[in-house]
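Residue numbers (our numbering): 6 to 60.
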């Protein structure tokens, strides 16, 4: 007799891997967005400092 579906999932961890990979993908996107925002903040701060120096 063939094992039940839950036995198959428990042995092979089928649906768990795509979720992990999906979460890693989401975390990578979030990190890229954070890095872009950080660079943008640095640019705006430098621009503001330069503007204040010129007046």
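Note that the Cβ used here is the ideal one computed from N, Cα and C, for glycine as well.
None of the values given here were measured: they were computed from a predicted structure.
Using the C-alpha atoms, what's the distance from residue j back to residue i?
i: residue 34; j: residue 42; result: 12 Å
i: residue 52; j: residue 38; result: 21 Å
i: residue 32; j: residue 56; result: 36 Å
i: residue 30; j: residue 44; result: 21 Å
i: residue 50; j: residue 36; result: 21 Å
Apart from the five residues just before and just after residue i, which ones in its own chain have a Cβ nearer than 7 Å to its Cβ?
i: residue 28; result: none
Could you give the DSSP three-state label for residue i: helix, strand or coil?
i: residue 45; result: helix
To which residues of the same chain is residue i closer than 6 Å at the C-beta, ignoring the five residues directly before and after it?
i: residue 6; result: Model confidence at residue 6 stands at a pLDDT of 46, short of 50, so the residue's coordinates are unreliable; what they give is reported in the following sentence. None.
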